[in-house]
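Notes for the one structure printed next.
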Amino acid sequence: MLKIALHLHSNRYGLMAQSTSAEYDYSMKLLLIGDSGVGKSQLLHRFSDRSFIPGCRATIGIDFKNKNIELDGKRIKLQVWDTAGPERFRTITTGKPRILFAFVYDITDERSFNNIRIWFSNVEQHASEGVNKILIGSSCDLFEKRVITKEQGQALADEFGIKFFETSAKENINVEEAFFTLA
């Protein structure tokens, strides 16, 4: 089992909802937010199933998978949600378990990058204050089609005060690292 030494960050900010289940100590919900077709479903499959599905179709509505992880000796049930749009956003951003957000854009799609500000604003309006957020530039394996530089992604993350990763679900680059940084 993968162990990550993030206990000070996770516990200090109280990002976990205590569980009464014997199967896990905490439960968290990670929402993948971004335009359709940016690779959210691919990230979900890579993280939860350790697989890549070529030609993955766009999500209709909401999809989620559970993954049990261990972090600092604590068993965590992490629900990773692939959201298709803002219409159901309010219903899944409240209550327990604690909510984490990953804003996803495709490094080959300038529009998806520009729309991150809209997604971020929507989260700021509807989510609890102080929730953990991260910016993910997907498809970093498609470097020959890149239109958004790594520096642009980092600058946007710095503007929002959040961490930034470029990932590739296909090549399994930084997927677990990004998700574990949030947890």
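Per this note's numbering, residue 1238 is the first one in the sequence shown, and the count goes up by one each step.
Idealized CB from N, CA, C, for every residue including glycine.
From residue i to residue j, what distance separates their C-alpha atoms?
| i | j | result |
| --- | --- | --- |
| residue 1335 | residue 1264 | 7 Å |
| residue 1369 | residue 1411 | 18 Å |
| residue 1316 | residue 1395 | 27 Å |
| residue 1382 | residue 1347 | 11 Å |
| residue 1281 | residue 1319 | 7 Å |
| residue 1358 | residue 1305 | 30 Å |
| residue 1311 | residue 1260 | 11 Å |
| residue 1393 | residue 1399 | 9 Å |
| residue 1287 | residue 1307 | 16 Å |
| residue 1276 | residue 1309 | 29 Å |
Residue i and residue j look like a contact to me (Cβ under 8 Å); what is the Cβ gap, rounded to whole Å?
| i | j | result |
| --- | --- | --- |
| residue 1353 | residue 1271 | 7 Å |
| residue 1341 | residue 1269 | 6 Å |
Keeping to the same chain, check which residues put their C-beta closer than 7 Å to that of residue i; ignore five residues upstream and five downstream.
| i | result |
| --- | --- |
| residue 1403 | 1344, 1374, 1377, 1387, 1390 and 1411 |
| residue 1409 | 1283 |
| residue 1416 | 1267 and 1284 |
| residue 1356 | 1270, 1271 and 1340 |
Mind checking which residues open and close the alpha helix (DSSP H) that includes residue i?
| i | result |
| --- | --- |
| residue 1286 | 1277-1286 |
| residue 1340 | That residue, residue 1340, is in no alpha helix (DSSP H); its beta strand (DSSP E) goes 1335-1343. |
| residue 1355 | 1353-1363 |
| residue 1418 | 1412-1419 |
Could you spell out where the beta strand (DSSP E) holding residue i opens and where it closes?
| i | result |
| --- | --- |
| residue 1402 | 1400-1403 |
| residue 1266 | 1263-1270 |
| residue 1375 | 1370-1375 |
Considering only the alpha carbon of each residue, which of the options lies closest to residue i?
| i | options | result |
| --- | --- | --- |
| residue 1360 | 1347, 1262, 1337 and 1418 | 1337 |
| residue 1380 | 1364, 1405 and 1358 | 1405 |
| residue 1385 | 1399, 1366, 1367 and 1349 | 1349 |
| residue 1418 | 1351, 1364 and 1339 | 1339 |
Once the 5 residues before and after residue i are set aside, which same chain residues still bring their CB inside 6 Å of it?
| i | result |
| --- | --- |
| residue 1329 | Because the pLDDT of residue 1329 is 49, which lies under 50, any placement of that residue in the model is unreliable, and the number read from its coordinates should be weighed accordingly. Nothing listed; no residue qualifies. |
| residue 1401 | 1372, 1390, 1391 and 1394 |
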